[in-house]
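Participant: In terms of our numbering, the sequence shown has 75 at position 73, counting the first letter as 1, and numbering is strictly consecutive. Beta carbons are placed, not taken as given, at the ideal position from N, Cα and C, and that holds for glycine.
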Amino acid sequence: MEYTSFIYVIFLAICGILYYVLPKKMQWIVLLIASLAFYVSIAQILVLYMLATTLIVYLSAMAIQRHKDDFKSKKSALDKAERKALKEKTKAKQKRILTATVVVTIGVLAALKYCNFFGSIVNGIGSIFSATALVPVFKIALPLGISYYTLMSVSYIVDVYRGTIKAEKNYFRLLLFVSYFPHIMEGPFDRYDKLDAQFREPHSLDYDVIKNGALLIMYGLFKKLVIADRAELIVSGIFDSQSAGGTSIFVGMLVYTLQLYADFSGCIDIVSGTSQMFGINVAENFRQPFFSHSINEFWRRWHITLGLWLKEYVFYPVSLSKNFKNFDKFVKKHVKNDYLTKMIPAAYALFFVWFCNGIWHGASGKYIFYGLYYYLLMMLGEFAKPLCDSFCQKAKINRESKAFGFFQIARTFIIVNIGMLIFRSATLADCGAYIAKMFTSFDFGALFNGTIAIKNVSNYDYLVLILGVAVLFVIGLLKEKGHSIRAELFAKPLVLRWSIYLVLIFSTIILGIYGGNFENAGMIYAEF
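(1) Are the beta-carbon atoms of Ile108 and His295 separated by less than 8 angstroms?
(2) In this structure, does DSSP put Phe280 in helix, strand or coil?
(3) Can you give the Cα-Cα distance for Val471 and Ile229, rounded to whole angstroms?
(4) To the nearest angstrom, how far is the alpha carbon of Gly373 from that of Val156?
(5) Going by Cα to Cα distance, which pick from Asp81, Glu170 and Gly447 is closest to Ile58?
(6) From the DSSP output, which residues share a beta bridge with Phe288?
(7) Does Gln46 pass the burial test, meaning 16 or more other C-beta atoms within 10 Å, or should it be called exposed?
(8) For Gln261, does the count of other Cβ atoms within 10 angstroms reach 16, so buried, or fall short, so exposed?
(9) By the DSSP assignment, the alpha helix (DSSP H) with Pro388 in it spans what residues?
(10) Apart from the five residues just before and just after Ile212, which ones in its own chain have a Cβ nearer than 6 angstroms to its Cβ?
(11) Chain B beta carbons: is any one of them nearer than 8 angstroms to that of Pro495?
(12) What distance in whole Å lies between the Cβ atoms of Ser277 and Ser181, which are believed to be in contact at a cut-off of 8 angstroms?
(13) Among Ile437, Tyr151 and Lys70, whose alpha-carbon lies nearest the alpha-carbon of Thr166?
(14) Measure the alpha-carbon distance for Ile12 versus Pro388 and round it to whole angstroms.
(15) State yes or no: is the C-beta of Leu218 within less than 8 angstroms of the C-beta of Ser274?
(16) With the cut-off set at 8 angstroms, would you say Leu111 and Val160 are in Cβ contact?
(17) Could you tell me whether the segment 320-338 touches the segment 348-359, where touching means 3 or more Cβ pairs closer than 8 angstroms?
(18) What's the gap between the Cα of Thr56 and the Cα of Asp198?
(19) So the candidates are Leu207, Cys269, Val466 and Val237; which of them puts its Cα closest to the Cα of Pro6?
(20) Of the choices Tyr503, Leu513, Thr510 and Ile512, whose alpha-carbon is the least far from that of Asn214?
(21) What's the C-alpha gap between Val418 and Ser245?
(22) Between the C-alpha atoms of Val505 and Leu491, what's the straight-line distance to the nearest angstrom?
(23) Please classify Ser206: does DSSP put it in a helix, a strand, or coil?
(24) Are three or more beta carbon pairs between the segment 19-34 and the segment 202-211 nearer than 8 angstroms?
(25) Report yes or no: do the segment 281-290 and the segment 234-242 share at least 3 C-beta pairs separated by less than 8 angstroms?
(26) Note down the Cα distance separating Lys439 from Leu235, rounded to an integer number of angstroms.
(27) Would you call the CB atoms of Tyr369 and Gly383 closer than 8 angstroms?
(28) Just to check my reading of the structure: Ile515 and Arg232 have Cβ atoms closer than 8 angstroms, yes? What is that Cβ distance to the nearest angstrom?
(29) Report the rounded CA-to-CA distance for Glu521 versus Ile66, giving the unit in angstroms.
(30) Is the beta carbon of Ile148 less than 8 angstroms from the beta carbon of Tyr41?
(31) Can you find the residues in the same chain that come closer than 7 angstroms, C-beta to C-beta, to Asp340, ignoring five residues on each side of it along the sequence?
(32) If you compare alpha carbons, which of Gln29, Arg164, Leu144 and Lys74 is closest to Gln96?
(33) Go through its chain and collect everything with a Cβ distance to Phe252's Cβ below 8 angstroms, but skip five positions before and after it.
(34) Within 10 angstroms of its Cβ, does Gly447 collect 16 or more other Cβ (buried), or is it exposed?
(35) Relative to the alpha-carbon of Cys117, which residue among Gly364, Ser427 and Asn461 has its alpha-carbon at the smallest distance?
(36) Could you tell me if Leu178 is buried or exposed, where buried requires 16 or more neighbouring beta carbons within 10 angstroms of its beta carbon?
Next comes the structure, spelled out in structure tokens:
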């Protein structure tokens, strides 16, 4: 059952009826049963991994909370020295539980997702010394959404350890947070406190709530079926060809960037709209990323919740670690430049963030390089900032002008496209070959003389794609200027409003890529 399938619409309708017809105190139970049914329909027996992960995290969080409560009940009867000793002892116990839990949960993810990758590295090193395969390669079925529910489980146990939330006493309520079907397949990474508070609220049937959610679902389907899946025809036609020239690869790179955005953000719109129909808001995951003026800004607008998770659970722990503090002292002692003494330690901590960003996406060297590509560019930009500032000042460049803003957006878009080429390439060697071809065999005239011919892709497909991207751009531009698209649409006269609804619905039905001669293109980020 995929978010774009007709059976999902039926599933959603049944869930909605039960959710609003049954007593409000049962609403969270309806969502839990629906979430487990959705998961089992796709992952079947592999649901046991998710149930086990949730159970481990649940028991560990309860143990940590028990130690916290025990300390609170005893501390008032102790003197200062005894209180300090008990606090340190209690903290040490909590830390051991946290460490063991994180190692186990991340270990399961690593074993299932990365064992063959690391095994191939070991075997590759062994082959240099003429050794036979040292590590066997297994074909392992990866549980649906394991990269998502593992990280959300880790965030929950860490938050309990930090004391920002209390441990959930009901296993099934925690299971709802972990398995919630709108975010289990492609995110976003929700925080327990934000989502659980909404699960506990009673939700009454509200036409405006249903209308808001339904419209967002329709827009997500438009992005996915009309834009992303049509773009896939072009992208696969180019990158599956052994004879693609530099111009074709350039077009494929641009179209793939649009495909990935329409696919991923379209899915997020569908799941956000789904959740909104139950009166529950999941975290925002996209905010017009292609209007970004820098790579830093791009990653604050693209896959927002992954960036926030890495900041909260990788960057901060590294920055507060003993090794980091020692490194910071070393830098301050040996580097006399004030700017560099701030940047070098930050670069050290950010390396782990971007390494984790890369490897989270997949068990391959190209994904690690994908993360480090952005890391290196960001660090280059930050370290060169004083020089750039000085140059702009001497050259009298107005950095607040619209022209300079357009330059920054274009520059960022180009950098992102190269990153997407790394992402799309089968290997780093292929990516290098693609880039070389773009520089050595690019023919500008080929963009217009029809030499970029792709099997099963007609001029009609190009026209629909261009119009779809134009709609995407206009809506993005309006949102960037502060317009609330849905609120303004709902304020329009009834006839105009429903005319727009029907255009969106029928354009998706008529122009969408599904069934027939077209293979169903799955959600790209569901693979991670």
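Facilitator: Checking against the coordinates, here is how it stands:
(1) Position 106 of the sequence shown, counting from 1, holds the residue named residue 108. Position 293 of the sequence shown, counting from 1, holds the residue named residue 295. Cβ atoms of Ile108 and His295: not closer than 8 angstroms.
(2) Sequence index remark: in the sequence shown, residue 280 carries index 278 (1-based). Phe280 falls in the coil class under three-state DSSP.
(3) Here residue 471 refers to the residue found at position 469 of the sequence shown. Here residue 229 refers to the residue found at position 227 of the sequence shown. Approximately 7 angstroms between the Cα atoms of the pair.
(4) Mapped onto the sequence shown, residue 373 falls at position 371. Mapped onto the sequence shown, residue 156 falls at position 154. Near 21 angstroms, if we compare the C-alpha coordinates of Val156 and Gly373.
(5) The residue you call residue 58 lines up with position 56 of the sequence shown. For the residues Asp81, Glu170 and Gly447, the minimum Cα distance to Ile58 belongs to Glu170.
(6) Indexing the sequence shown from 1 puts residue 288 at position 286. Paired residues: Trp304.
(7) Start at 1 with the first residue of the sequence shown, and residue 46 comes out as number 44. Answer is exposed; the Cβ neighbour count stays below 16.
(8) Here residue 261 refers to the residue found at position 259 when the sequence shown is read from its first residue. Looking at its Cβ environment, which holds 16 or more other Cβ atoms inside 10 Å, Gln261 is buried.
(9) For the purposes of this step, residue 388 is taken as the residue at position 386 of the sequence shown. Where Pro388 is concerned, the enclosing alpha helix (DSSP H) stretches over Lys387 to Lys396.
(10) Against the sequence shown, residue 212 aligns to sequence position 210. So the list reads Met279, once near-sequence residues are dropped.
(11) Annotation note: the requested chain B is absent from the structure, which comprises a single protein chain.
(12) If you number the sequence shown from 1, residue 181 lands on position 179. If you number the sequence shown from 1, residue 277 lands on position 275. Their Cβ separation, rounded to whole angstroms, is 13 angstroms, which puts Ser181 and Ser277 out of contact at 8 angstroms.
(13) Within the sequence shown, the letter at position 164 stands for residue 166. The option with the nearest alpha carbon to Thr166 is Lys70.
(14) Numbered from its first residue, the sequence shown carries residue 12 at position 10. Numbered from its first residue, the sequence shown carries residue 388 at position 386. The straight-line gap from Cα to Cα measures roughly 58 angstroms.
(15) For the purposes of this step, residue 218 is taken as the residue at position 216 of the sequence shown. For the purposes of this step, residue 274 is taken as the residue at position 272 of the sequence shown. Yes, they are a contact pair.
(16) Looking up residue 111 in the sequence shown gives position 109. Looking up residue 160 in the sequence shown gives position 158. In this structure, Val160 does not lie closer than 8 angstroms to Leu111 by Cβ.
(17) yes
(18) Indexing the sequence shown from 1 puts residue 56 at position 54. Indexing the sequence shown from 1 puts residue 198 at position 196. When rounded, the distance between both Cα atoms is 15 angstroms.
(19) Translated into the one-based positions of the sequence shown, residue 6 becomes position 4. The sequence given here has Thr at residue 6, not Pro. It is Cys269.
(20) If you number the sequence shown from 1, residue 214 lands on position 212. Residue Tyr503 is the option with its Cα nearest to Asn214.
(21) Looking up residue 418 in the sequence shown gives position 416. Looking up residue 245 in the sequence shown gives position 243. If you take the alpha carbons of Val418 and Ser245, they lie about 25 angstroms apart.
(22) The count along the sequence shown starts at 1 and reaches residue 505 at position 503. The count along the sequence shown starts at 1 and reaches residue 491 at position 489. For Val505 and Leu491, the distance between alpha carbons rounds to 13 angstroms.
(23) Taking the first residue of the sequence shown as position 1, residue 206 is located at position 204. Here Ser206 sits in coil by DSSP.
(24) yes
(25) no
(26) Along the sequence shown, one-based indexing puts residue 439 at 437. Along the sequence shown, one-based indexing puts residue 235 at 233. Roughly 21 angstroms separates the two Cα atoms.
(27) Position 367 of the sequence shown, counting from 1, holds the residue named residue 369. Position 381 of the sequence shown, counting from 1, holds the residue named residue 383. Result no, Cβ atoms of Tyr369 and Gly383 do not sit closer than 8 angstroms.
(28) Here residue 515 refers to the residue found at position 513 when the sequence shown is read from its first residue. Here residue 232 refers to the residue found at position 230 when the sequence shown is read from its first residue. About 5 angstroms; that satisfies the 8 angstroms criterion.
(29) Taking the sequence shown and counting its residues from 1, one reaches residue 521 at position 519. Taking the sequence shown and counting its residues from 1, one reaches residue 66 at position 64. Legend: pLDDT at Glu521 = 47, less than 50; position of this residue unreliable, no value from coordinates given.
(30) Residue 148 sits at position 146 when you count from the first residue of the sequence shown. Residue 41 sits at position 39 when you count from the first residue of the sequence shown. No, the pair does not count as a contact, with Cβ atoms beyond the cut-off.
(31) For the purposes of this step, residue 340 is identified with residue 338 of the sequence shown, where counting begins at 1. Excluding sequence neighbours, Asp340 sits near nothing in its chain.
(32) Locating residue 96 in the sequence shown gives position 94, counting from the first residue. If we check each option's Cα against that of Gln96, Arg164 comes out closest.
(33) Here residue 252 refers to the residue found at position 250 when the sequence shown is read from its first residue. So the qualifying residues of the chain are Met440 and Phe444.
(34) Position 445 of the sequence shown, counted from the first residue, corresponds to residue 447. Its Cβ having fewer than 16 others within 10 Å, Gly447 is exposed.
(35) As a working mapping, residue 117 is identified with position 115 in the sequence shown. Out of Gly364, Ser427 and Asn461, Gly364 has the C-alpha closest to the C-alpha of Cys117.
(36) Locating residue 178 in the sequence shown gives position 176, counting from the first residue. When all chains shown are included, Leu178 counts as buried.
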